[in-house]
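To keep things clear, I will list the structure first and then write my remarks on it.
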Amino acid sequence: MLAAALLPAMRTGRDLVIDGVVSARLLAAVATVQDVFVTWDRALRPRDPWYRRIPVSAAATTDDPGPTGRGTAAFFTGGVDSFFTAVRHRSDLDALVYVHGFDVAADSPIRSEVTRRLADAADGLGLPLVTVETDLRRLSEATGVPWLDHHGAALAAVAHLLSDRFDRMLVPATHTYRHLEGLGSHPLIDPLWSTERLRIEHDGADATRVDKLRTLADEPAARAHLRVCWENRDGAYNCGRCEKCVRTGVAVRLAGAEGRFATIAAPSLRAVATVRATGRAADWHDARTDLVRSGANRRLRTAIDVALARHQLATWRWTRRWFR
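The sequence shown runs 0 to 323 under numbering that gives the first Met the number 0.
Next up, the structure:
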């Protein structure tokens with residue numbers, strides 16, 4: 000409850016009182032979690048809400064570690080990051096965990112396909128898939144907390160729900176250490192949600208997307224079921240047209256694995272040049288750096304240059320509005 004409710008309480012400025020028993024370690028870490036969120040650099044998302052520090056208390060605390068050796072699990076969505084974590088730690092893992100209601104809505108037309116494919120992927124990796132269904136995202140929407148901020152705490156809440164089965168949970172990294180952004184899942188924050196019973200770890204920030212895809216190119220389950228799309232246009236598993244699909248298609252090409260992933264289409268140069276890069280466009284800058292170093296595919300590098308120039312121009316135009 001504490002992990003799920005903290006950011007909504009900080010957003011609305013309300014005291015958070017837990018009428019129950021809370022981990023002493025987690026309660027002690029709450030001050031640091033609040034410090035991080037209050038001082039994030041909001042330059043990339045200045046319209047998103049700010050947070051304020053609030054009092055947090057509980058009826059009682061516990062430092063009971065519970066039985067040891069309960070097992071290790073990793074969150075799994077079928078994406079590049081979670082597949083990489085699953086493959087890299089396969090020998091240490093006892094299960095993969097997918098949460099219905101986080102990235103695919105309950106009424107989404109692709110829900111059944113995603114469920115089937117993730118089960119097949121987990122089976123191909125030789126691991127059981129634990130599925131959890133939640134409407135926790137509604138709490139974010141009701142309190143005005145962006146999902147980009149809340150998803151890490153939401154994952155932690157699910158991890159604690161499963162702490163009777165696992166004493167270690169891996170959260171796949173979105174960004175590398177080089178390109179860290181102020182997101183809800185972050186190497187600074189994820190471990191702070193740990194308790195005496197459960198250790199939460201942020202995994203994979205040491206590898207770029209291209210590095211991860213090179214690893215996954217030799218994994219049949221990833222080649223058959225890789226899922227990267229959030230837009231799912233026309234009900235497609237991967238639409239092949241959104242920014243993330245195009246970006247992944249470029250990364251697959253740079254990894255030397257074009258054509259090896261059945262669900263990832265190769266984007267045209269026009270699609271690359273006209274894509275709307277998001278955030279700091281970190282993966283696009285990494286892709287350009289790889290191409291400059293290798294001297295390969297000048298046409299692709301030019302298309303990426305055009306996309307980055309358009310992204311920079313859009314950023315300047317947006318910034319100018321704040322100084323008028």
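Quick reminder that beta carbons are idealized off the backbone N, C-alpha and C, glycines included.
With fewer than 16 other CB atoms across the displayed protein chains lying within 10 angstroms of its CB, D106 is exposed. For A3, the enclosing alpha helix (DSSP H) covers residues 1-11. Judged by beta-carbon spacing, E140 lies beyond the 7 angstroms limit of G100, meaning their Cβ atoms are not closer than that value. In the DSSP assignment, V55 is bridged to L15. D202: member of the beta strand (DSSP E) spanning 198-202, first to last residue.
Between A216 and A256, the gap from beta carbon to beta carbon is short of 7 angstroms. Nearest to K243 by C-alpha distance, out of G78, D18, T11, is G78. When rounded, the separation of the alpha-carbon atoms in G65 and L25 is 15 angstroms.
If you draw a straight line from the Cα of V55 to the Cα of G239, it comes to about 45 angstroms. Distance between A313 and L160, taken at the CA atoms: about 42 angstroms.
With contacts defined by Cβ atoms closer than 7 angstroms, A152 and A2 form a contacting pair. Counting the other Cβ atoms within 10 Å of the Cβ of R208 gives 16 or more, which makes it buried. Apart from sequence neighbours up to five positions away, the residues of its chain that approach A281 with a beta-carbon distance below 6 angstroms are H178, ordered along the chain. Annotation for V16: S56 place their beta carbon closer than 7 angstroms to its own, counting only its chain and skipping 5 residues before and after.
For H224, the enclosing alpha helix (DSSP H) stretches over residues 219-224. Here the C-alpha atom of T38 lies approximately 10 angstroms from the C-alpha atom of V32.
The segment 124-188 is shown to contain whole alpha helix (DSSP H) runs of 4 or more residues at 136-142, 146-160, in chain order.
Counting C-beta atoms within 10 angstroms of its own C-beta, S193 has 16 or more neighbours from the protein chains shown and is therefore classed as buried. Between Y50 and F75, the CB-CB gap reaches or exceeds 7 angstroms. Judged by beta-carbon spacing, A286 lies within the 7 angstroms limit of V249, meaning their Cβ atoms are closer than that value.
For T288, the secondary structure class from DSSP, reduced to helix, strand or coil, is helix. Along the length of the segment 65-92, whole beta strand (DSSP E) runs at least 3 residues long occupy 71-74, reported in chain order.
Membership of L268 in the alpha helix (DSSP H) is indicated by the continuous run 268-272. Shown here for A28: same chain residues with a beta carbon closer than 7 angstroms to its own, the five before and five after excluded, namely L191 in chain order. Close CB contacts of R13 within its chain, under the 7 angstroms cut and outside five residues either way in sequence, are with I53 (chain order). Within the same chain, T71, A73, L169, D202 come within 8 angstroms of H88 by CB-CB distance, once the 5 residues on both sides are set aside. The three-state secondary structure of A265, taken from DSSP, is coil.
For A261, the number of other beta carbons within 10 angstroms of its own is below 16, and it is reported as exposed.
D80 counts as buried, since at least 16 other C-beta atoms from the protein chains shown sit within 10 angstroms of its C-beta. In the DSSP assignment, the residues bridged to S22 are T61. By the criterion of at least three beta-carbon pairs nearer than 8 angstroms, the segment 180-191 is not in contact with the segment 220-234. Listed in chain order, the non-local C-beta contacts of G143 below 7 angstroms within the same chain comprise R10, P48, local neighbours out to five positions each way being set aside. Measuring C-alpha to C-alpha distances from W315 to each of D289, I303, H284, R279 identifies R279 as the nearest.
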